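Please read the structure below before turning to the comments.
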């Protein structure tokens with residue numbers, strides 16, 4: 239049997255409720271209905287909560303007053319805190335998705351995070367193993383012997 243969950247304002251950060259009742263509803267909807275994976279939900283709750291706490295500490299009383307400058311400053315702070323680029327990217331993705339959700343629901347006129355780029359990250363070493371030429375020859379030679387195919391010869 240499905241039970242309804244009672245939503246109370248005391249579970250929503252003040253910076254969200256200060257924007258509007260609709261903002262509070264969309265915030266809860268974002269964290270519950272939009273994120274199915276429990277691990278992703280926990281990571282997003284941590285990232286969004288940390289951002290909202292930081293926003294309040296900057297004197298921003300309402301999510302509706304957050305600008306791309308605030309978001310850029312927050313990303314820079316995360317980068318300076320020596321967190322890895324993938325961690326910062328994940329945290330910023332959570333914040334960006336929240337702003338997308340609020341803008342799509344009419345809570346915000348636009349998404350201020352769309353003007354902000356997250357940190358770039360490129361893997362220095364690939365995860366896919368690569369055969370050297372000698373290993374490739376041995377692999378093909380084994381395949382030819384196993385299948386009885388004598389028409390081809392190992393690569394030279």
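Numbering (the numbering used here), first residue to last: 239 to 394. Just so you know, even glycine gets a beta-carbon here, dropped at the ideal spot from N, CA and C. Here the structure is a predicted model, which means the values were calculated and not measured.
Item	Value
Same chain, Cβ closer than 8 Å to residue 333, neighbours up to 5 away in sequence not counted	285, 286, 289, 309, 312 and 351
Residue 257 versus residue 322: straight-line alpha-carbon distance, rounded	32 Å
8 Å Cβ cutoff met for residue 266 and residue 253	no
Candidates 356, 291 and 269: closest to residue 282 by CA position	269
When 278, 356 and 280 are compared against residue 315, the one with the closest alpha-carbon	356
Close beta carbons around residue 304, own chain, < 7 Å, minus the five adjacent residues each side	293, 298 and 350
Between the CA atoms of residue 275 and residue 296 - distance to the nearest angstrom	31 Å
Alpha carbon of residue 327 to alpha carbon of residue 353, nearest angstrom	15 Å
Rounded straight-line distance, which links the Cα of residue 367 to that of residue 291	43 Å
Helix, strand or coil at residue 371 [DSSP, three-state]	helix
Straight-line Cα distance separating residue 320 from residue 259	36 Å
Residue environment, residue 271, which counts as buried when at least 16 other CB atoms sit within 10 Å	exposed
Length-filtered (4 minimum) alpha helix (DSSP H) runs lying within the stretch 295-326	306-318
Rounded distance between the beta-carbons of residue 377 and residue 369, thought under 8 Å	7 Å
Three-state class that DSSP yields for residue 258 in the structure shown	coil
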